[in-house]
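In the working numbering, the protein residues as written are 631 to 777. Don't be surprised by glycine CBs; every beta carbon is placed ideally from N, CA and C. Source: prediction; values computed, not measured.
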């Protein structure tokens with residue numbers, strides 16, 4: 631029991647938004663519904679996340695568990711709202727930016743779901759190596775899925 635798999639990516643966040651989506655080409659409307667304030671919304675094969683920062687290069691980790699996981703320790707992670715439910719019909723998921731451009735490789739799930747989902751965020755951090763001021767501040771996100 632425990633962690634079944636995970637993947638990480640740096641995701642371009644624009645207008646506060648990014649998403650974890652089903653890779654089914656028939657899926658539509660990822661950003662047709664938006665979360666309230668700085669939370670997340672699971673709907674129609676996607677998990678749309680609203681960030682505190684308008685623009686950033688967010689560090690995102692997606693974790694797939696076989697049971698409800700604990701909140702990651704360290705880095706001051708806090709939950710963005712209550713866990714929700716989502717299904718991924720194609721059984722493949724991917725992180726995307728607001729323009730639906732892939733930010734990660736596709737990840738194969740064991741099944742379509744439904745999955746419970748929780749999104750956590752860390753406090754803002756600064757990347758002194760970042761040359762663009764707009765992307766100097768960033769957040770870490772963890773998206774946890776479990777059956």
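Taking Cβ to Cβ, would you say residue i is nearer than 8 Å to residue j?
i           : j           : result
residue 663 : residue 768 : no
residue 683 : residue 754 : yes
residue 678 : residue 773 : no
residue 657 : residue 651 : yes
residue 776 : residue 746 : yes
residue 680 : residue 665 : yes
residue 717 : residue 698 : no
residue 653 : residue 724 : yes
Going by C-alpha to C-alpha distance, which of the options sits closest to residue i?
i           : options               : result
residue 702 : 659, 752, 732 and 673 : 752
residue 633 : 694, 676, 717 and 705 : 694
residue 721 : 731, 759, 697 and 675 : 675
residue 781 : 696, 761 and 657      : Absent from the structure is residue 781, since the part of the chain shown begins at 631 and ends at 777.
residue 671 : 713, 735 and 635      : 713
residue 655 : 761, 764 and 736      : 736
Between which residues of its own chain and residue i is the CB-CB distance below 6 Å, once the five residues before and five after are set aside?
i           : result
residue 638 : 691
Leaving out five residues on either side along the sequence, give the residues of the same chain with a beta carbon under 8 Å from the beta carbon of residue i.
i           : result
residue 709 : 701, 748, 749 and 750
residue 707 : 701, 750, 751, 752, 770 and 772
Determine which residues share a DSSP beta bridge with residue i and list them.
i           : result
residue 751 : 708 and 771
residue 694 : 635 and 775
residue 722 : 738
Excluding sequence positions up to five away, which residues of its chain have a Cβ less than 7 Å from the Cβ of residue i?
i           : result
residue 573 : Missing from the structure shown is residue 573; the chain here goes from 631 to 777 and no further.
residue 642 : 687, 727 and 733
residue 757 : 766 and 768
residue 730 : 660
residue 719 : 652, 654, 675 and 742
Notebook entry, point to check: What runs of the beta strand (DSSP E), each 3 residues or longer, lie entirely inside the region 662 to 692?
Noted result: 670 to 673 and 676 to 680
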